[in-house]
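So that you can map any letter, position 4 of the sequence shown is 601 in the working numbering, and since no number is skipped, the others follow by simple counting.
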Amino acid sequence: NSTMDGFDIPSFQALIYDGAVEYAEALASVLPKEQAPIIAPAGLAFLLVYEDDESKWEKLIASDGIHASVHGSYLVACVIYATVYGHLPEKGHSTRDIEDLFAKSRKLYDDNIEYPTTQEASYYRKIARRAVLFGEMPASFTIDEEARQ
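Below you can see the structure in the form of structure tokens.
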């Protein structure tokens, strides 16, 4: 699998993450310590899914091949929540709750939306926990430290 730019998925995520770290470091150099930037590792969470099961990863991407689908948006929401609050929400979401979350948001999708099932939502929460709370790095993830210098 490759991105529109021809990079393999792990390399593409590494480039995005490296850019985010570089940007956070630049911000940290001009902000007070109490305003230090924090990175929500959404791309790393996507990559953990990619390593687990490519068919699940494909569900994270909208049909345009660029934007997150409702599955991807749910995973990103879990990652951001865990990053901000240091834990996941107390209870999981039912399928109806998930549909309501998206019904109340700006609709970017057609009427044939495939919402995450309760089991899929639980899986995405586990991925967010691994990426944010346990700091798990995907096995295929590497950053070229020499290129960063």
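All C-beta atoms in this analysis are idealised placements derived from N, C-alpha and C, irrespective of residue type, glycine included.
Based on Cα-Cα distance, which residue from the options lies nearest to residue i?
| i | options | result |
| --- | --- | --- |
| D694 | L685, Q610, T714, S608 | T714 |
| A725 | G640, E711, E655 | G640 |
| N709 | G662, V667, A728, K688 | V667 |
| E733 | F609, L685, D615, L645 | L645 |
| A728 | I663, I740, D697, L685 | L685 |
| K723 | G683, E622, C675 | C675 |
| L672 | Q716, Q632, F609 | Q716 |
| A679 | H664, A611, A642 | A642 |
What three-state label does DSSP hand residue i in the structure shown?
| i | result |
| --- | --- |
| D694 | helix |
| A665 | strand |
| I635 | coil |
| I677 | helix |
| K688 | coil |
| Y712 | coil |
| L628 | coil |
| S737 | coil |
For the alpha helix (DSSP H) containing residue i, name the first residue and the last one.
| i | result |
| --- | --- |
| P607 | 606 to 625 |
| A725 | 715 to 725 |
| L641 | 639 to 649 |
Can you check DSSP and say which residues form a bridge with residue i?
| i | result |
| --- | --- |
| I658 | A665 |
Check the C-beta distance from residue i over to residue j and give it rounded, since I have them as a contact under 8 angstroms.
| i | j | result |
| --- | --- | --- |
| P629 | P735 | Actually they do not touch by this definition, with Cβ atoms about 33 angstroms apart. |
Counting only beta-carbon separations shorter than 8 angstroms, does residue i have a partner in chain B?
| i | result |
| --- | --- |
| L628 | Protein chain content of the structure displayed is limited to a single chain, and chain B is not contained in it. |
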